[in-house]
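Here the sequence shown is numbered in the numbering used here, starting from 74 and rising by one per residue. Accompanying notes for the structure given below.
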Amino acid sequence: MNWRKLRTFLLTVLVLCLIPAMRYNQIDLPLLHYFAGSRKVDPLSLHLAGEFVESNLGTEQDGDGSVTVRMIAQQYLFVPHCVVVPAGVPVHLRITSADAVHALAINGTAYDVKVLPGTISEAQLQFSTPGEYKTMCREFCGAGHYAMRSELKVVPPDQFPALQTGERGSCVAQ
Ligand code: CUA
Numbered sequence: 074m075n076w077r078k079l080r081t082f083l084l085t086v087l088v089l090c091l092i093p094a095m096r097y098n099q100i101d102l103p104l105l106h107y108f109a110g111s112r113k114v115d116p117l118s119l120h121l122a123g124e125f126v127e128s129n130l131g132t133e134q135d136g137d138g139s140v141t142v143r144m145i146a147q148q149y150l151f152v153p154h155c156v157v158v159p160a161g162v163p164v165h166l167r168i169t170s171a172d173a174v175h176a177l178a179i180n181g182t183a184y185d186v187k188v189l190p191g192t193i194s195e196a197q198l199q200f201s202t203p204g205e206y207k208t209m210c211r212e213f214c215g216a217g218h219y220a221m222r223s224e225l226k227v228v229p230p231d232q233f234p235a236l237q238t239g240e241r242g243s244c245v246a247q
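As structure tokens, this is what we get:
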């Protein structure tokens, strides 16, 4: 047995295993959901029925103190255009696309959520301090891609409006 050759072989196998192991997190989860058929949503009837009708978009208070934000990405805007969330609580983001592939990126943070039509992207966000963030689309989606921007306002928890059941928060209510 040639130990040198065996060593080279084993090292090669190790490296070949390490590369996919390190890159695994770069596989698009929404893409996996899309092909798995889970979190399905019909991009053509988003505004008409289901979770993403207009009255259901924006920030909703959950019973446990956290909030859920629902948004639609479409050429070339995010709906709602401005979202308000309280600081210091978990923010569950649920977003889908009405047309192309988009990505919601929040400036100054590491949050970057890929959005595909036909499936719901989920992300867990949290902001420790109040502030205003510019958000933008970070996936080329057509001629208006560079103008696809919106806003996220993080307010102190006591300034976040106490929402009634079924009510959704937005910047307009501020
Ligand atoms: Cu939407 Cu780029």
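Ideal Cβ placement from N, Cα and C applies to all residues, glycine included.
Q: Return yes when the Cβ of Cys155 is within less than 8 Å of the Cβ of Cys244, no when it is not.
A: In this structure, Cys155 lies closer than 8 Å to Cys244 by Cβ.
Q | Whole-angstrom distance between Val140 and Ser128, CA atom to CA atom | A | One C-alpha to the other measures close to 16 Å.
Q: Could you round the C-beta distance between Tyr149 and Met221 to whole angstroms and report it? I think they count as a contact, below 8 Å.
A: Indeed they touch by this definition, with Cβ atoms about 4 Å apart.
Q: Would you check whether ligand 1 has a heavy atom nearer than 7 Å to the C-beta of Tyr149?
A: Taking 7 Å as the cut-off, one finds at least one heavy atom of ligand 1 near enough to the beta carbon of Tyr149.
Q | beta-carbon Ala171 near ligand 1 non-hydrogen atom, thresh 7 Å | A | It does not: the Cβ of Ala171 is nowhere closer than 7 Å to a heavy atom of ligand 1.
Q | Ala220: CB within 7 Å of a non-hydrogen atom of ligand 1 | A | Because no heavy atom of ligand 1 lies under 7 Å away, the Cβ of Ala220 does not count as near it: no.
Q: Please report the residue range of the alpha helix (DSSP H) in which Val88 lies.
A: For Val88, the enclosing alpha helix (DSSP H) covers residues Trp76 to Arg96.
Q | Alpha carbon of Ala171 to alpha carbon of Phe125, nearest angstrom | A | Between Ala171 and Phe125, the C-alpha separation is close to 10 Å.
Q. DSSP beta-bridge partners for Leu236?
A. Per DSSP, none; premise fails for Leu236.
Q. In three-state terms, what does DSSP make of Pro116?
A. Here DSSP, grouped into helix, strand and coil, assigns Pro116 to helix.
Q.
Can you tell me which residues form a DSSP beta bridge with Met144?
A. For Met144, the pairing in a beta bridge is given by DSSP as Ile168.
Q: Mark Arg167 as exposed unless 16 or more other C-beta atoms lie within 10 angstroms of its C-beta, in which case mark it buried.
A: Residue environment analysis places Arg167 among the buried positions, since at least 16 neighbouring C-beta atoms fall within 10 angstroms of its C-beta.
Q.
Measuring only the C-alpha atoms, how far is Ser111 from Leu119?
A. Each residue's Cα considered, the two are about 16 Å apart.
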